[in-house]
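Asker: Numbers 82 to 640, taken from our numbering, label the letters of the sequence shown in order. Every residue, glycine too, gets a C-beta built ideally from N, C-alpha and C.
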Amino acid sequence: MDTAIGAAKWVLGKALAPVTDGLLESWAASADLDRNIDALKMELLYAHGMLENVQGRGIHGVALKELLHKLQQLAYGADDVLDELEYFRIQDSLKGTYHAAGVNDVCCIQGIRTNIEHTARHAISKLKCLPCLGAASRGGDQEIDPGDHQDYDLLGIRLRGRRGIGSSPLTPTNKAGVNKVDGGCMPRVISSARNAAHTFGKHFPCYSSISVHGDGAQAIMSECASERDIETKELMFDRVQMSRTMIDMVGQLKEVCAKVSIILNLDLLGSSHNRTQEIAIKRSKTTSEIIEYELYGRDDQKRKIKNGIISHEYCPKQLNVLPIFGPGGIGKTTFTQHICQEVNSSFQASIWICVSLDFNADRLAQEIVNKIDRVDDEKQNASVEELIKQRLKAKRFLLVLDDVWVYQEDEWEKLMAPFRKVESKGNLIVVTTRIPKVAEMVRTTNHKIELERLGDADTMRFFEACVFGNELQPWEKHYELSETGREVVRHLKGSPLATKTVGRLLRNQLTLDHWERILESKEWELETSESDIMPALKLSFDFLPFHLKQLFVYCALFP
Numbered sequence: 082m083d084t085a086i087g088a089a090k091w092v093l094g095k096a097l098a099p100v101t102d103g104l105l106e107s108w109a110a111s112a113d114l115d116r117n118i119d120a121l122k123m124e125l126l127y128a129h130g131m132l133e134n135v136q137g138r139g140i141h142g143v144a145l146k147e148l149l150h151k152l153q154q155l156a157y158g159a160d161d162v163l164d165e166l167e168y169f170r171i172q173d174s175l176k177g178t179y180h181a182a183g184v185n186d187v188c189c190i191q192g193i194r195t196n197i198e199h200t201a202r203h204a205i206s207k208l209k210c211l212p213c214l215g216a217a218s219r220g221g222d223q224e225i226d227p228g229d230h231q232d233y234d235l236l237g238i239r240l241r242g243r244r245g246i247g248s249s250p251l252t253p254t255n256k257a258g259v260n261k262v263d264g265g266c267m268p269r270v271i272s273s274a275r276n277a278a279h280t281f282g283k284h285f286p287c288y289s290s291i292s293v294h295g296d297g298a299q300a301i302m303s304e305c306a307s308e309r310d311i312e313t314k315e316l317m318f319d320r321v322q323m324s325r326t327m328i329d330m331v332g333q334l335k336e337v338c339a340k341v342s343i344i345l346n347l348d349l350l351g352s353s354h355n356r357t358q359e360i361a362i363k364r365s366k367t368t369s370e371i372i373e374y375e376l377y378g379r380d381d382q383k384r385k386i387k388n389g390i391i392s393h394e395y396c397p398k399q400l401n402v403l404p405i406f407g408p409g410g411i412g413k414t415t416f417t418q419h420i421c422q423e424v425n426s427s428f429q430a431s432i433w434i435c436v437s438l439d440f441n442a443d444r445l446a447q448e449i450v451n452k453i454d455r456v457d458d459e460k461q462n463a464s465v466e467e468l469i470k471q472r473l474k475a476k477r478f479l480l481v482l483d484d485v486w487v488y489q490e491d492e493w494e495k496l497m498a499p500f501r502k503v504e505s506k507g508n509l510i511v512v513t514t515r516i517p518k519v520a521e522m523v524r525t526t527n528h529k530i531e532l533e534r535l536g537d538a539d540t541m542r543f544f545e546a547c548v549f550g551n552e553l554q555p556w557e558k559h560y561e562l563s564e565t566g567r568e569v570v571r572h573l574k575g576s577p578l579a580t581k582t583v584g585r586l587l588r589n590q591l592t593l594d595h596w597e598r599i600l601e602s603k604e605w606e607l608e609t610s611e612s613d614i615m616p617a618l619k620l621s622f623d624f625l626p627f628h629l630k631q632l633f634v635y636c637a638l639f640p
C-alpha cells in the first residue's frame with residue numbers, strides 16, 4: 082500500500098505540479114479521508130463526553146457557558162458532516178462507485194484512481210479563476226471530436242464507462258466534457274497529465290496504456306472490466322473538500338475542548354461552593370394503592386403504629402394529626418400506604434391527597450370533597466367546607482396528606498376548620514413530610530413518627546430484590562458479583578430510593594465489568610454527607626446512552 086501511495090503521489094506531482102503548489106495537499110486530504118473520519122469521530126466522542134460531564138453541574142460564569150455552547154454546536158456540526166459522508170457512502174453502494182470509500186474499502190489501484198480524480202477535480206475548480214481559462218474557452222485549433230460519445234473529466238482524460246467525479250451532463254456548449262483548448266497554461270497542464278497517465282499505465286498493467294488522438298489532449302484510461310454508464314443525476318461529492326472540512330472541525334473541537342477542560346479543572350480545584358440539589362416542582366401523584374408489596378426493615382414500626390391507631394393511642398381526641406417524616410427517598414409514602422391498608426377497616430371514610438409544594442387550602446378542600454361519598458340530605462349550593470362537614474358527619478375518617486413541603490398557618494387552619502366540626506371521635510390525619518419543622522407544627526399529640534435509614538442487612542435484602550427479583554440464592558449463581566455488590570450497598574446509605582435506582586441500573590448487565598464501572602464512578606466522590614444519596618440517584622442518568630440523554634432533555638422541555 083505504501084508503494085502504491087508513493088507512486089500515485091509521484092504521478093500527481095509530475096503531472097500537476099506546474100498548476101499549483103496546493104495539489105499535494107489536496108491529494109493528502111483525499112488519501113487521508115479515513116484517518117480524518119476517525120479523528121473527527123474521536124473528537125466528537127470527546128466533545129460528547131465533555132458535555133455529558135458538565136450536565137447536572139452548577140455552571141458559573143458567562144464565558145464558560147458560551148464555551149460550552151460553542152462546544153455543543155461544534156459537536157452537532159461534526160455530526161452533520163458525518164451524516165453527509167454516510168449519504169455519499171450509501172450513494173456509492175447503490176451506484177457501484179467508490180467516491181466516498183475509505184482506503185481499506187477498495188483495492189489499492191481503485192483507491193489511487195479515486196484520489197487522482199478528486200484531486201484533479203479540486204485543482205480544476207481552482208483553475209477556473211485563472212485568465213488562461215478564458216482564452217481556452219474562447220477557441221483555438223485544438224478541439225475534441227464532438228462525435229466521440231465517451232465521457233471526459235475536466236482534464237480531458239477520457240474514462241471508459243463511468244463519468245468522472247466533477248463531470249457534468251453534456252450540454253450544447255460542452256458536448257465532450259471539454260470545449261476548446263488553446264494557448265496559456267492549460268496545454269501544459271494537459272500535456273503533463275497525459276505523460277503522467279502514460280507512466281501510471283506502465284506501472285499498473287490493470288489499466289491500458291494511453292491512446293492519444295491527433296493533436297488533442299485526449300487520454301483513454303481503460304479498466305480491465307467495463308462498467309455500464311451511470312446517467313442518473315446525483316449530488317456531487319468533493320472528497321478533498323470533505324477531508325479538509327473534517328480537519329478543520331477536528332482543530333476547532335480540540336481548541337474548544339482544551340479551553341473547557343482547563344476551566345472545569347480549575348473550577349474543581351479552586352471552588353468550594355456548595356452544590357445545590359434541584360428539587361422537582363412537580364412530582365407524580367401518589368395514591369393509597371400499594372406499589373411495593375414487601376416492606377423491608379419496617380415491620381416492627383408498622384406493627385406498633387397499627388396497634389396505636391386501632392387502640393386510639395395515636396388518636397385520643399376528636400381530631401388528631403400524626404406526622405411521619407424523614408429524608409427524601411426514605412420510603413415515607415410506601416410506609417404510609419402499608420399503614421393505611423392495615424387500619425383501613427377501622428374507618429368509615431379514607432381519603433388520600435398528594436399535596437407536594439402547592440399547599441392551597443381551597444384546592445385541597447375541593448380534592449377532598451370529591452373523594453368523599455355523597456349523602457342523601459346534602460344541601461344544594463353548599464360550600465366545599467359545608468359539604469365536607471355534611472359528608473363526614475358521624476363518620477370516623479382517615480385523611481392522608483402526602484408529601485407536604487410547607488407550613489403556612491393561615492392555610493393550614495383554613496383547611497382544618499371543617500374537619501374540627503365533624504362530630505365523631507378518633508379521626509386521624511396523617512401528614513408525610515421531609516421537613517422536621519413541618520412535622521413539629523402540624524402534630525396534635527405527643528407522637529410523631531420518624532423513619533430511619535435501613536440497616537445493612539435490610540438494605541442488602543432490598544438490593545437483592547431490586548437486582549435479582551425473586552431469584553433464590555442469587556449470590557451462589559453470581560458469586561463473582563458478591564464482593565462488588567457489597568461495596569455498592571455501602572454507598573447507598575440505607576436509602577430505599579437509592580437502592581432501588583442503583584439496583585435496577587445494575588440489573589441491566591449482570592457482569593463484573595459493568596458493576597465495577599458503577600462502583601468506580603466519580604459520582605460517589607461528590608457525596609457531601611453521610612446522608613447524601615444524590616450521587617447514587619444521578620448514576621441512573623449518567624449511564625444512559627447519549628441519545629437517550631438527549632431524548633430526556635427534550636422531554637424535559639414539556640410539562
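Helix, strand or coil for Leu403, going by three-state DSSP, please let me know.
Answerer: Counted from its first residue, the sequence shown places residue 403 at position 322. Correct three-state label for Leu403: strand.
Asker: Return the CA-CA distance between Ala442 and Lys122, expressed in angstroms with no decimal places.
Answerer: On the sequence shown, position 361 is the one that residue 442 refers to. On the sequence shown, position 41 is the one that residue 122 refers to. Their Cα atoms are separated by approximately 56 Å.
Asker: Candidates Gly410, Lys518 and Leu480: which alpha carbon is nearest Glu533's?
Answerer: Looking up residue 533 in the sequence shown gives position 452. Closest by alpha carbon: Gly410.
Asker: Look at the Cβ atom of Thr540, then the Cβ atom of Gly575, and state whether they are nearer than 9 Å.
Answerer: Position 459 of the sequence shown, counted from the start, is the residue given in the question as residue 540. Position 494 of the sequence shown, counted from the start, is the residue given in the question as residue 575. Yes; because the gap between Cβ atoms is below 9 Å, this pair is in contact.
Asker: Look at the alpha carbon of Phe428 and the alpha carbon of Ser464, and state the distance between them as a whole number of angstroms.
Answerer: Position 347 of the sequence shown, counted from the first residue, corresponds to residue 428. Position 383 of the sequence shown, counted from the first residue, corresponds to residue 464. Cα to Cα, Phe428 sits roughly 25 Å from Ser464.
Asker: DSSP beta-bridge partners for Glu531?
Answerer: If you number the sequence shown from 1, residue 531 lands on position 450. Partner(s): Phe406.
Asker: Given that a residue counts as buried once 16 or more other Cβ atoms are within 10 Å of its Cβ, and exposed if not, what is Lys460?
Answerer: As a position in the sequence shown, residue 460 is number 379, starting the count at 1. Result: exposed.
Asker: Name the residue from Ser324, Ser426, Tyr635 and Ala498 whose alpha carbon lies nearest to the alpha carbon of Glu165.
Answerer: In the sequence shown, counting from the first residue as 1, residue 165 sits at position 84. Ranking the options by Cα distance to Glu165, first place goes to Ser324.
Asker: Would DSSP call Cys435 helix, strand or coil?
Answerer: Within the sequence shown, residue 435 is the residue found at index 354, counting from 1. Cys435 falls in the strand class under three-state DSSP.
Asker: State the beta-bridge partners of Asn451 as determined by DSSP.
Answerer: Indexing the sequence shown from 1 puts residue 451 at position 370. None, per the DSSP bridge assignment.
Asker: So what does DSSP say about Tyr635, is it helix, strand or coil?
Answerer: In the sequence shown, counting from the first residue as 1, residue 635 sits at position 554. Correct three-state label for Tyr635: helix.
Asker: Pull the bridge partners of Phe416 from the DSSP assignment, please.
Answerer: As a working mapping, residue 416 is identified with position 335 in the sequence shown. The partner list for Phe416 (beta bridge, DSSP) is empty, contrary to what the question assumes.
Asker: Is Leu152 helix, strand or coil by DSSP?
Answerer: If you number the sequence shown from 1, residue 152 lands on position 71. DSSP places Leu152 in helix when its eight states are reduced to three.
Asker: If you draw a straight line from the alpha carbon of Phe633 to that of Arg515, how long is it in whole angstroms?
Answerer: For the purposes of this step, residue 633 is identified with residue 552 of the sequence shown, where counting begins at 1. For the purposes of this step, residue 515 is identified with residue 434 of the sequence shown, where counting begins at 1. Distance between the alpha carbons of Phe633 and Arg515 is about 27 Å.
Asker: Could you please give the first and the last residue of the uninterrupted beta strand (DSSP E) stretch that includes Asn508?
Answerer: Counted from its first residue, the sequence shown places residue 508 at position 427. Taken as a continuous stretch (DSSP letters only), the beta strand (DSSP E) holding Asn508 covers Asn508 to Thr514.
Asker: Measure the beta-carbon distance from Gln422 to Ile371 and round it to whole angstroms, keeping in mind my assumption that it falls under 8 Å.
Answerer: Taking the sequence shown and counting its residues from 1, one reaches residue 422 at position 341. Taking the sequence shown and counting its residues from 1, one reaches residue 371 at position 290. Going by Cβ atoms, the distance from Gln422 to Ile371 rounds to 6 Å, so yes, they are a contact pair.
Asker: Smallest Cα separation from Pro408: which of Glu492, Ala430, Pro577 and Ala446?
Answerer: Residue 408 sits at position 327 when you count from the first residue of the sequence shown. Nearest C-alpha to Pro408: Pro577.
Asker: So the alpha helix (DSSP H) Val569 belongs to, where does it begin and stop?
Answerer: As a first step, residue 569 is located in the sequence shown; it is residue number 488 there, counting from the start. That run of the alpha helix (DSSP H) goes Ser563 to His572.
Asker: Can you tell me which of the three DSSP states Val481 falls into?
Answerer: Mapped onto the sequence shown, residue 481 falls at position 400. DSSP places Val481 in strand when its eight states are reduced to three.
Asker: Checking 9 Å against the spacing of the C-beta atoms, do Gln471 and Asp458 come in under that value?
Answerer: On the sequence shown, position 390 is the one that residue 471 refers to. On the sequence shown, position 377 is the one that residue 458 refers to. It is a contact, given that the beta carbons lie within the stated cut-off.
Asker: Residues bridged to Ala430 by DSSP?
Answerer: If you number the sequence shown from 1, residue 430 lands on position 349. Answer by DSSP bridge pairing, in chain order: Phe478.
Asker: Give me the Cβ distance between Ile376 and His419, rounded to the nearest whole Å; I'm assuming they're in contact under 8 Å.
Answerer: The sequence position of residue 376 within the sequence shown is 295, counting from 1. The sequence position of residue 419 within the sequence shown is 338, counting from 1. The question names Ile, but residue 376 is Leu in the sequence shown. The Cβ separation is near 5 Å, so the contact holds.
Asker: Taking Cβ to Cβ, would you say Phe543 is nearer than 9 Å to Thr580?
Answerer: In the sequence shown, counting from the first residue as 1, residue 543 sits at position 462. In the sequence shown, counting from the first residue as 1, residue 580 sits at position 499. Cβ distance < 9 Å, so Phe543 and Thr580 count as in contact.
Asker: Just the Cα atoms here: how many angstroms apart are Ala143 and Tyr635?
Answerer: On the sequence shown, residue 143 is found 62 positions in, with the first residue counted as 1. On the sequence shown, residue 635 is found 554 positions in, with the first residue counted as 1. In the sequence as presented, Ala is not what sits at residue 143; that position holds Val. If you take the alpha carbons of Val143 and Tyr635, they lie about 23 Å apart.
Asker: Please list the terminal residues of the continuous alpha helix (DSSP H) segment that includes Gln471.
Answerer: Translated into the one-based positions of the sequence shown, residue 471 becomes position 390. Note, Gln471: alpha helix (DSSP H), Val465 to Arg472.
Asker: What separation, rounded to the nearest whole angstrom, lies between the Cα atoms of Val337 and Arg116?
Answerer: Sequence index remark: in the sequence shown, residue 337 carries index 256 (1-based). Sequence index remark: in the sequence shown, residue 116 carries index 35 (1-based). If I take the Cα positions, the gap works out to 21 Å.
Asker: Which residue marks the beginning of the alpha helix (DSSP H) containing Gly584, and which one marks its end?
Answerer: By 1-based counting over the sequence shown, the position of residue 584 is 503. Note, Gly584: alpha helix (DSSP H), Pro577 to Arg588.
Asker: Spatial neighbours of Arg585 within its chain, please: C-beta separation below 7 Å, excluding the five flanking residues on both sides.
Answerer: The sequence position of residue 585 within the sequence shown is 504, counting from 1. Only Cys547 meet the Cβ criterion.
Asker: Please state whether DSSP places Lys558 in a helix, a strand or coil.
Answerer: Counting from one through the sequence shown, the residue named residue 558 turns up at place 477. Helix at Lys558.
Asker: Would you check if there are 3 or more beta carbon pairs closer than 8 Å linking the region 398-408 to the region 512-530?
Answerer: Yes, since at least three Cβ pairs between the region 398-408 and the region 512-530 fall closer than 8 Å, the two stretches touch.
Asker: Excluding the 5 residues flanking Ser563 on each side, which residues of the same chain have their C-beta closer than 6 Å to its C-beta?
Answerer: The residue you call residue 563 lines up with position 482 of the sequence shown. Cβ within range, chain order: Trp556.
Asker: Using the Cβ count rule (16 or more neighbours within 10 Å means buried), how would you classify Phe500?
Answerer: Taking the first residue of the sequence shown as 1, we reach residue 500 at position 419. The residue is buried, with at least 16 neighbouring Cβ atoms inside 10 Å.
Asker: Pull up the CB-CB distance for Cys396 and Leu480, whole angstroms please, since I reckon it's below 8 Å.
Answerer: Translated into the one-based positions of the sequence shown, residue 396 becomes position 315. Translated into the one-based positions of the sequence shown, residue 480 becomes position 399. Not confirmed; about 12 Å, so no contact.
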